[in-house]
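Q: Before I ask anything, here is the structure I am working with.
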Amino acid sequence: DAMVIQNPRYQVTQFGKPVTLSCSQTLNHNVMYWYQQKSSQAPKLLFHYYDKDFNNEADTPDNFQSRRPNTSFCFLDIRSPGLGDAAMYLCATSRDVGPQETQYFGPGTRLLVL
Amino acid sequence: AQSVSQHNHHVILSEAASLELGCNYSYGGTVNLFWYVQYPGQHLQLLLKYFSGDPLVKGIKGFEAEFIKSKFSFNLRKPSVQWSDTAEYFCAVTPQTGANNLFFGTGTRLTVIP
Chain A
4 DAMVIQNPRY QVTQFGKPVT LSCSQTLNHN VMYWYQQKSS QAPKLLFHYY
54 DKDFNNEADT PDNFQSRRPN TSFCFLDIRS PGLGDAAMYL CATSRDVGPQ
104 ETQYFGPGTR LLVL
Chain B
-9 AQSVSQHNHH VILSEAASLE LGCNYSYGGT VNLFWYVQYP GQHLQLLLKY
41 FSGDPLVKGI KGFEAEFIKS KFSFNLRKPS VQWSDTAEYF CAVTPQTGAN
91 NLFFGTGTRL TVIP
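Protein sequence lines, in the order shown, are assigned to chains A and B. So the first sequence is numbered by our numbering: it starts at 4 and just counts up by one. So the second sequence is numbered by our numbering: it starts at -9 and just counts up by one.
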């Protein structure tokens, strides 16, 4: 089945130690998104790639970066994780960038910062 | 700024009861509306969506939602819930033009008791 895969499902890191979360897709979609969902809060868009074009949300902290080396893979890099960055990180894809496109989500990676 | 409100944080129902989950949005323009569901241990998946036309939309698994423009609402309904409907339900909006930035509500957890 075509899908969005996130690895690992759980990630533990130390305060200030860089960490990378991975997302891959077999849907061949043009757009990939990263959302952050803190406990009891709504998922919040951090940024998205439309093909190779990177689009950062205005209030996404500089501590968060992303890479998309090819169509299938997208990475979320947290350069210096703080305790407040502990959250579920969701990757999603859509065929195109229009506002009516359905987004397909991965299972998420839960990040714990010690 | 956009916002999505889901006032019911946790709803508990017996099987065969009727369900209505509230969703209200705030946005200074026309929006597209979505309901996503997250079953335990699984990824977010689309239940239904509304872009234009008939304000009553039907989705998968017997769910439907009604868009009431005057009330800025998009409530989710199901006439008779099953134990398998136990999940978290998220309402989301995108602006009708522009990028596909989903703004989510905080979610409603539904527990169906057999």
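Note that CB positions come from ideal geometry on N, CA and C, so glycine has one too. The structure presented is a predicted model; accordingly, all values stated were derived computationally and were not measured.
Thinking just about the alpha-carbon of each residue, which of B:A7, B:V102, B:L46 is nearest to the one in B:S70?
A: It is B:A7 whose Cα lies nearest to the Cα of B:S70.
Q: Tell me B:A77's beta-bridge partners as DSSP assigns them.
A: Bridge partners of B:A77: B:L100.
Q: Just the Cα atoms here: how many angstroms apart are B:T87 and A:G101?
A: Their backbone Cα atoms lie some 8 Å apart in a straight line.
Q: Return the CA-CA distance between B:S74 and B:T98, expressed in angstroms with no decimal places.
A: Each residue's Cα considered, the two are about 16 Å apart.
Q: Taking Cβ positions only, does A:A45 come closer than 8 Å to chain B?
A: At least one chain B Cβ lies under 8 Å of A:A45.
Q: Which term fits B:Y29, buried or exposed, when burial requires 16 or more other beta carbons within 10 angstroms of its beta carbon?
A: Counting Cβ neighbours within 10 Å, B:Y29 comes out exposed, since fewer than 16 surround it.
Q: Judging by CA-CA distance, which residue of A:F78, A:M91, A:T112 is the nearest neighbour of A:S42?
A: Considering only alpha carbons, the answer is A:M91.
Q: So, does the CB of B:L92 fall closer than 8 Å to a CB anywhere in chain A?
A: Chain A, which has a Cβ nearer than 8 Å to the Cβ of B:L92, makes this yes.
Q: In chain A, what lies closer than 8 Å to B:N22 by C-beta?
A: Under the 8 Å cutoff, chain A gives P102, Q103.
Q: Could you tell me the alpha carbon to alpha carbon distance between A:L115 and A:T29, rounded to whole angstroms?
A: Their Cα atoms are separated by approximately 27 Å.
Q: Sort out for me which residues DSSP pairs A:M91 with in a bridge.
A: The partner list for A:M91 (beta bridge, DSSP) reads A:Q40, A:R113.
Q: Any beta carbon of chain A sitting closer than 8 Å to that of B:Q86?
A: Answer yes: the Cβ-Cβ gap between B:Q86 and chain A drops below 8 Å somewhere.
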